[in-house]
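Chains as they are written, first to last, in this note's numbering: chain C, 442 to 655; chain B, 442 to 655. Quick reminder that beta carbons are idealized off the backbone N, C-alpha and C, glycines included. In this text, all values refer to a predicted model and were calculated from it rather than measured experimentally.
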């Protein structure tokens, strides 16, 4: 944040913190009881706050769902744009994207599952906005695949379809990953990077080393 | 069916037909309005039958959901077992499995989406039974990968993780496929077969020809 007055900053930070906590608890409840089975009262109870407190941060339950639903794709698009300006080969860039986005999916698993389950409960315009962001992600990813194919680095017959499948390979993790389960986050990320490497048939190099830990 | 008395057969066929139609219309409604937003009355209305008619085929709404939820995995497991007894290399078998299961997923897309969205509304024991079937599928698939790896036909470091990812690549299609959309069923099946071929690093052969149409 760049505002000059620290007092204003703290206020904004606190508001953001409160919104995040509301979103987190709402997500737990949506995950366990479904969107329709969760009331604003239940969310307020969880946080031991009043209903008007919730309403001062979110207009209604639908706005909380929208905030949850857009989180995964917003972070993924930001990561994608960040990775694609780093100089390197198409594979260097793609590897970074897959690493970061798989991590985002693992770490925001519950939000992504809630989105996939509850998309039909979103306001249609908001649902469309998220779908457009998802398309934009696939489209940018397809461009990376097409560039890599054009310079002979990858072998990708249908970049758009392959981008969708790579998106699916990453997103699917949200539907089965269990924290503390058989595979660690790092193992899963490494597996997805290696799988994508094979999928795009990266030429003239050994398979990727395990993803660096940051 | 092998029963000797044709009269009994027709009766059973009709009962099956009615159950299928109830399941279909219920699935459309669950897909559009969610499980909780759909009443037995609404399902009866759609079929222009009475509520007691529905109850003579399904004990309650939960039983309809269970019937919908288990369909995709039941068909997929049957296809898997059918493909694995056909003589051939590991890749011959795997290719057949991917072909058949991706087709099942495309053709039962709505049921699969309803399952993924509404799993939390299943009776816990029934949800567990389906999860066990899904694990059994992944486990059998991992065995095929491990056999192919053992004879040097594939190169698969972690058969269980790779089986999960292949399951995800196929299942993800249910979440984006649009009948009459940009890609045909045959194009998608061919794409998934080729992707799996690369993923398991099939040795010593050209990439798969397009899936045969049956």
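State the Cα-Cα distance for the pair residue 510(C) and residue 520(B), rounded to the nearest angstrom. 35 Å
Pick from 607(B), 456(B), 599(B) and 641(B): whose alpha carbon is nearest that of residue 718(B)? Outside the displayed span of chain B (442 to 655) sits residue 718(B), for which this structure offers no information.
Within 8 Å (strictly less), CB to CB, does residue 624(B) reach chain C? yes
Would you report the Cα separation of residue 555(C) and residue 452(B), rounded to the nearest angstrom? 43 Å
For chain B, check one thing: does any of its Cβ atoms lie closer than 8 Å to the Cβ of residue 506(C)? no
Inter-residue spacing [alpha-carbon to alpha-carbon] between residue 564(B) and residue 643(C): 46 Å
Which same chain residues end up closer than 6 Å to residue 535(B) when comparing Cβ atoms and leaving out the 5 residues on each side of it in sequence? 585
Any chance the region 539–549 of chain C sits against the region 558–577 of chain C, with 3 or more Cβ pairs inside 8 Å? no
Closest by CA to residue 637(B), which one among 625(C), 582(C) and 603(C)? 603(C)
Which residues, taken in chain order from the region 478–496 of chain B, show a beta carbon closer than 9 Å to some beta carbon of chain C? 478
Give the range of the alpha helix (DSSP H) segment to which residue 532(C) is assigned. 531–548
Are the Cβ atoms of residue 598(B) and residue 532(B) separated by less than 8 Å? no
Looking at the unbroken alpha helix (DSSP H) that takes in residue 609(C), where does it start and where does it end? 600–617
Check this for me: beta carbons of residue 610(C) and residue 609(B), under 8 Å apart or not? yes
Mapping the DSSP letters down to three states, classify residue 450(B) as helix, strand or coil. helix
Quick check: is the beta carbon of residue 617(B) nearer than 8 Å to any beta carbon in chain C? yes
Between which residues of its own chain and residue 467(B) is the CB-CB distance below 6 Å, once the five residues before and five after are set aside? 484 and 505
Assuming residue 480(B) is part of the alpha helix (DSSP H), what are its boundary residues? No alpha helix (DSSP H) holds residue 480(B); DSSP gives it neither H nor E.
Helix, strand or coil at residue 496(C) [DSSP, three-state]: helix
Give the DSSP-derived three-state secondary structure of residue 623(B) in the structure shown. coil
Out of 553(C), 558(C), 492(C) and 581(C), which one is the CA nearest neighbour of residue 525(C)? 581(C)
Which residues bound the alpha helix (DSSP H) around residue 514(B)? 502–525
If you run the structure through DSSP and keep just helix, strand and coil, what is residue 491(C)? coil
Neighbourhood of residue 570(C) by C-beta distance below 8 Å, restricted to the same chain and skipping five residues each side: 511
Once the 5 residues before and after residue 579(B) are set aside, which same chain residues still bring their CB inside 8 Å of it? 601, 604, 605 and 608
Expected contact under 8 Å - CB spacing of residue 476(C) and residue 559(C) to nearest Å: 4 Å
What separation, rounded to the nearest whole angstrom, lies between the Cα atoms of residue 474(B) and residue 537(C)? 39 Å
Report yes if the C-beta of residue 634(B) is less than 7 Å from at least one heavy atom of the ligand ADP; otherwise report no. You won't find the ligand ADP in this model; it holds no ligand whatsoever.
From this set, 539(B), 500(B) and 640(B), which residue's C-alpha is nearest residue 631(B)'s C-alpha? 539(B)
Residue 595(B) - DSSP class collapsed to helix/strand/coil: coil
Residue 641(C) - DSSP class collapsed to helix/strand/coil: coil
Is the CB-CB distance between residue 516(C) and residue 545(C) below 8 Å? yes
May I have the straight-line CA-CA distance separating residue 612(B) from residue 612(C), to the nearest angstrom? 11 Å
Residue 514(C) to residue 523(C) span [Cα, whole Å]: 14 Å
Comparing the C-beta of residue 612(B) with each C-beta of chain C, is any distance below 8 Å? yes
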